[in-house]
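In our numbering, the protein residues as written are 3 to 153.
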């Protein structure tokens with residue numbers, strides 16, 4: 003399945019809001035624009051708004067009510083950090099974020115545990131061959147995570 007290319011933070015926020023509206027989820031968006039306001043700008047000099055190439059970086063933080071509660075921080079570098087009920091997925095490509103959210107809210111996410119090595123992981127499977135897996139570090143799982151446990 004070919005995913006739409008989301009060339010800007012603004013287009014990614016629009017795609018996320020479309021997923022939220024389709025699912026009837028409340029959401030909020032906070033934008034940070036300028037190198038002096040974004041979180042991962044190491045190339046810009048202190049107290050400057052533009053990157054050395056003259057661009058104005060744009061970062062956004064989107065919160066979606068749940069269950070599960072999801073937040074997405076979209077970075078200017080074409081990636082995002084998606085947090086699902088306290089489980090952080092770092093470096094999700096910006097183009098994959100809408101499909102990731104559809105998978106989470108569409109029932110394609112599950113919790114997988116193993117006796118050895120011990121631990122539990124949240125696995126989000128996207129259409130095609132793409133999947134994301136992160137270890138759950140909290141000792142107490144949320145009700146949503148408990149409901150997604152596979153034996």
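For every residue, glycine included, the Cβ atom is placed at its ideal position computed from N, Cα and C.
{"Asked": "Got a sec? Which residues, its chain only, sit under 7 Å from residue 105 by beta carbon, not counting five neighbours each side?", "Found": "111, 126, 127, 128"}
{"Asked": "Grab me the residues of residue 203's own chain with a C-beta within less than 6 Å of its C-beta, minus the 5 sequence neighbours each way, in chain order.", "Found": "Here the chain covers residues 3 to 153 and nothing more, so residue 203 does not appear."}
{"Asked": "Going by the beta-carbon positions, is the gap between residue 99 and residue 14 smaller than 8 Å?", "Found": "yes"}
{"Asked": "What would DSSP say about residue 127, mapped onto helix, strand or coil?", "Found": "strand"}
{"Asked": "How many angstroms separate the CA atom of residue 91 from the CA atom of residue 136?", "Found": "6 Å"}
{"Asked": "Residue 74 and residue 18: beta carbons closer than 8 Å?", "Found": "yes"}
{"Asked": "Pull up the distance between the alpha-carbon of residue 84 and that of residue 144, whole angstroms please.", "Found": "17 Å"}
{"Asked": "Please state whether DSSP places residue 144 in a helix, a strand or coil.", "Found": "coil"}
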